[in-house]
Amino acid sequence: MLDKSLYQTPEGYGSMGEDPIEIEIDNPDDVMIGIGGMEIDLKPEPETADDFDANLAEYLDPSYLQSLGEELVEDFSKDINDRKDWMQTYVDGLKLLGLKYEDRTEPWQGACGVFHPLLTESVVRFQSEGITETFPAAGPVKTQILGKDTPEKEEAAARVREDMNHQLTDVMYEYRPEHEKMLWNLPIAGSAFKKVYYDPSKGRQMAVFIPAEDIVVPYGASNLETSPRVAHVMRKTENEILQLQDAGFYMDVELGEPTHELDDIERQKAEETGMSAIEDDRFRILEMHVDLDLPGYEHKNKKKKPTGIALPYVVTVEKGTRKILAVRRNWYEGDKLHMKRQHFVHYQYIPGFGFYGYGLIHLIGGYAKSATMLIRQLVDAGTLSNLPGGLKARGLRIKGDDTPIAPGEWRDVDVPSGSIRDNILPLPYKEPSQVLYTLFDRIVQEGRQFASSGDMNVSDMSAQAPVGTTLAILERTLKVMGAVQARMHFTMKQEFKLLKVIIADFTPEEYSYEPEEGSRKAKKSDYDSVDVIPVSDPNAATMAQKIVQYQAALQLAQTAPQLYNLPLLHRQMIEVLGIKNANKLIPVEDDLVPCDPITENQNLLIMKPVKAFMEQNHEAHIQTHMAAIQNPKIMQLMQMNPQAQAIQAAAMAHINEHIAFEYRRQIEEEMGHILPTEDQNKAVPPELADQIASMVAQASEKLMQRDTQEAKQQQAQQQMQDPVVQMQMQELQLKGQELQLKQQKQQIDAAEKADRIRVEESRIEAQKQIAAMQVAATAAANKDKAQRQQETEGMRIGAEIAKHKAQMSSQNAQRAAQSKQPSKFPKKETE
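Here the sequence shown stands for residues 1 to 831, numbered as in our numbering.
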């Protein structure tokens, strides 16, 4: 009984009167409390996981969890049985590595048990080349800017590159050893895996190696992304299980004792490393990445109705007891498509027909087995030839016959009868066969060539061979290895993307150190604007191939050096050679900062690179550089320098840079606008580019006219100040006066000549008129004379005609008279 309440009386309670509190139980599962007109429903709601990353096993029905665990373990056992032949091939191939010497008792005790290192040699070569290519001393990561390249993004890319390499080389101390394990197992099995995740116990990201036998997928799966089920086999001690249960990562269930089971691959690996693995006292945990339709967490459509679509989950099961330890969602929070998150990356040596790739065990395992058999036969044949056995007579006794005879040692022999030769019959053992050795050498060469682990015979190549020929031979020899390196480069890129997401999500807002560029508080935004890729080159598998490529580029640069950035080309080759501080040995233009013209002259004289910048006073720089070039003392000293021509060429090239910048500045002044930069020109629309070109053309014409006038004025001023030019100008003036006088005299002479010509023309014109009048008078007189002559001639002709007519009349009259007289002769017919 409480005399005083713990809390104040609620407002309005007094107005309720004295009605008692009624408790009504309609259903044992429901409890209803009525206070006046108010009802309180105390019906218990089912437990749900409010946290997206919660362990759903805590909220699922135990009977459902038991059946689900049994079902998943059965599926896992079926997947293991489906890949039994693959595991047997893997186990047999591990024996060919020869990491452990084999004590043989057949065909006799102590027979040769050596393994030919063909397989191991190829694996060691691949691991050595892979680690130097993918994990250099400076770090395995470089960055790539997403979208438009800006100075801010370049600084962000530099910070991300520095931070990622810091994480992988310093913070994630296990990354390089795990990566080297992957490079050892990849060529052997053909497949290797990396698991990328966030470890809350360490408070950072992890990337651990997983051997191929610990990733189990169902038959027919082609890749991790589309496989309906992916099982990761983990081995954890009882203490590790308890720690994860205490942290809430695993559900607190009793697992009992571990099953102490070992598969064939584990036993063979332990045997190759010199360990006797009888049983394993660790729990075998199966982390199953599966698609499930969990009751109470079904996929629902827009109408909030279950669709029956299975969603991706990660279910952790203990294989021995088949008890589920955890069930977690395997998609990103807020993803409406429920896309499966990827935690694994799959490295493949040679992709094959199925999920697992082909390794050297599958490719040259037969060669390694044959080479091992042949080398054992050769060694055994040599042993039998050097220490032969045979038959001896029963009564023959040799003192100390249990030990071999040492060099220079003589022993007593008891011969039953006859000579020693008659009592001993050595067996006819032959020397090691030359044919067998030739066959052995051929098999080894074929195996090395197929595995791309053979050394190229440099003696067969001419020292004068062009670099292109050498590059072609290298490319042909390293074609297979180059393809493997390209696949590994692609997979590492996927791994770095997973690491980048985790680092961006879980790391602090600022860097733990002071970056070289930018602020410490720009970490998350930096990772959003850049991408991370491996430093390895997928186009060159080895350093030798890269060096030959750069040598080819240097040869091309010698033919046209003006087309190449030679400092950058040499610097890249220095970096390929692995020499440290390449930026200090060969600085390039991108590393330079603006400086005064005297410092630029000093750098030019000692043949250091120089660069002009837009913001500099280019007229002052040009004047300073030209003054240094024209300085007589400097010119005299430079005559003794063998690099004088190169220095002068570099100086003129640098002056041209300033001239170009000054010309751009003047054009911009004429236009009244700032021209877009080289990077901005990429985003300028064609229409705007045409407008800019028209404006630039007009500004160029104005600038040319202005510069032409200034040049003429300057030239005139310089000429006026020169005494020699002044004397020449006076001479020119005198010559000009003489020429003027001559011109005036010529003008006077020309005027006089013109007057004479006009007078002569007038006289000629008058003569022409007189002559015309004379011609006209003569013509008239001749005409009158002709008329008179015509009249006289007409009169004469008339008289003659009249006279002729008179004569004819007279003759006619006489004929008529004669015709009237009678004729004395007969009449004659006439024509």
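Glycine included, every Cβ here is placed at the ideal spot set by N, Cα and C.
Please report the straight-line C-alpha distance between Asp380 and Pro428, rounded to a whole angstrom. In this structure, the alpha-carbon of Asp380 lies about 14 Å from that of Pro428.
Measuring alpha carbon to alpha carbon, tell me which of Glu662, Asn583, Pro567, Tyr437 ends up nearest Gln623. Closest option to Gln623, judged by alpha-carbon separation, among Glu662, Asn583, Pro567, Tyr437: Glu662.
In three-state terms, what does DSSP make of Ile836? Only positions 1 to 831 of the chain appear in the structure, and residue 836 is not among them; the question remains open.
For Ala221, which residues from the same chain have a beta carbon less than 6 Å from its beta carbon, with the 5 sequence-adjacent residues on both sides left out? These residues qualify, in order along the chain: Ser227, Phe355.
Which residues does DSSP list as the beta-bridge partners of Asp414? Partner residues in the beta bridge of Asp414, as assigned by DSSP, are Arg397.
Does the separation of the CB atoms of Val535 and Met164 fall below 8 Å? Cβ distance not < 8 Å, so Val535 and Met164 don't count as in contact.
Give the range of the alpha helix (DSSP H) segment to which Ala582 is assigned. Per DSSP, Ala582 belongs to the alpha helix (DSSP H) from 582 to 585.
Beta bridge counterpart(s) of Ile350 as assigned by DSSP: Paired residue(s): Tyr358.
Skipping 5 residues on each side, what residues in its chain have a beta carbon closer than 6 Å to that of Gln127? Counting only Cβ-Cβ distances below 6 Å, and skipping sequence neighbours, we find Leu183, Trp184.
Between the Cα of Ala646 and the Cα atoms of Leu604, Leu72, Glu213, Ala582, which residue gives the shortest distance? Comparing Cα-Cα distances from Ala646 to each of Leu604, Leu72, Glu213, Ala582, the minimum goes to Leu604.
Measure the C-alpha to C-alpha separation of Asp82 and Pro218 and round it to an integer number of angstroms. Annotation: Asp82 to Pro218 spans about 8 Å, alpha carbon to alpha carbon.
How far does the alpha helix (DSSP H) with Tyr663 in it reach, from first residue to last? Segment 644 to 671, the alpha helix (DSSP H) holding Tyr663.
Helix, strand or coil at Met729 [DSSP, three-state]: Looking at Met729 - three-state DSSP - the assignment turns out to be helix.
Cβ-based neighbour list, Ser419, same chain, cut-off 7 Å, excluding 5 preceding and 5 following: Excluding residues within five positions, none has a Cβ falling inside 7 Å.
May I ask you to check if the CB of His179 is nearer than 7 Å to at least one heavy atom of the ligand MG? Among the components of this structure there are no ligands whatsoever, and the ligand MG is therefore not found.
Return the residue from the list His489, Ala771, Lys682 that minimises the CA-CA distance to Tyr347. Of all alpha-carbon atoms in His489, Ala771, Lys682, the one lying nearest the alpha-carbon of Tyr347 is that of His489.
In terms of DSSP beta bridges, what is Gly390 paired with? Within the DSSP bridge table, the entry for Gly390 names Pro426 as partners.
What does the alpha-carbon distance come out to for the pair Pro177 and Asp53? If I take the Cα positions, the gap works out to 31 Å.
Would you mind working out which of Leu499, Ala780, Val124, Glu678 sits nearest Asp199, comparing C-alpha positions? Taking only the C-alpha atoms, the option nearest Asp199 is Leu499.
Assuming Leu569 contacts Ala557 under a Cβ cut-off of 8 Å, what Cβ separation, rounded to an integer in Å, is found between them? Here Leu569 really is in contact with Ala557; their C-beta atoms are around 6 Å apart, less than 8 Å.
Counting along the chain, where does the beta strand (DSSP E) carrying Lys195 start and finish? Here the beta strand (DSSP E) through Lys195 covers 191 to 199.
Which residues mark the beginning and the end of the beta strand (DSSP E) in which Ala326 is found? Ala326 -> beta strand (DSSP E) spans 323 to 329.
So Ile241 and Val91 are supposed to be a Cβ contact under 8 Å. How far apart are they, rounded? Contact between Ile241 and Val91 does not hold, since the beta-carbon distance rounds to 29 Å and is not under 8 Å.
Delimiting residues of the alpha helix (DSSP H) encompassing His489: According to the DSSP assignment, His489 belongs to the alpha helix (DSSP H) that extends over 479 to 506.
Terminal residues of the continuous alpha helix (DSSP H) containing Arg284? First-last for Arg284: 283 to 292, but that is the beta strand (DSSP E), not the alpha helix (DSSP H).
Buried or exposed: which applies to Arg448, given that a residue is buried once 16 or more other Cβ atoms fall within 10 Å of its Cβ? Buried, by the Cβ-count rule.
Segments assigned beta strand (DSSP E), at least 3 residues, entirely inside the region 193 to 249: When DSSP assignments are scanned along the region 193 to 249, the uninterrupted stretches of beta strand (DSSP E) that are 3 or more residues long and fall wholly within it turn out to be 204 to 211, 229 to 236.
Can you tell which of Arg796, Gln691, Ala683 has the C-alpha that lies nearest to the C-alpha of Met671? Cα-wise, what sits closest to Met671 is Gln691.
On the three-state DSSP scale, how would you describe Glu102? Glu102 falls in the coil class under three-state DSSP.
Rounded straight-line distance, which links the Cα of Val684 to that of Pro538: C-alpha separation (whole angstroms): 34 Å.
Excluding the 5 residues flanking Leu391 on each side, which residues of the same chain have their C-beta closer than 6 Å to its C-beta? Only Leu425 meet the Cβ criterion.
Looking at the strands, I want to know which residues DSSP matches up with Thr143. Looking at the DSSP assignment, Thr143 forms a beta bridge with Val532.
Considering Tyr437, what are the terminal residues of the alpha helix (DSSP H) in which it resides? For Tyr437, the enclosing alpha helix (DSSP H) begins and ends at 434 to 450.
Could you give the distance in angstroms between the alpha-carbon of Asn330 and the alpha-carbon of Lys302? Taking the straight line joining both Cα atoms gives about 22 Å.
Does Tyr332 pass the burial test, meaning 16 or more other C-beta atoms within 10 Å, or should it be called exposed? Exposed.
Bridge partners for Glu318 per DSSP, in chain order? The secondary-structure analysis by DSSP pairs Glu318 across a beta bridge with Ile285, Lys323.
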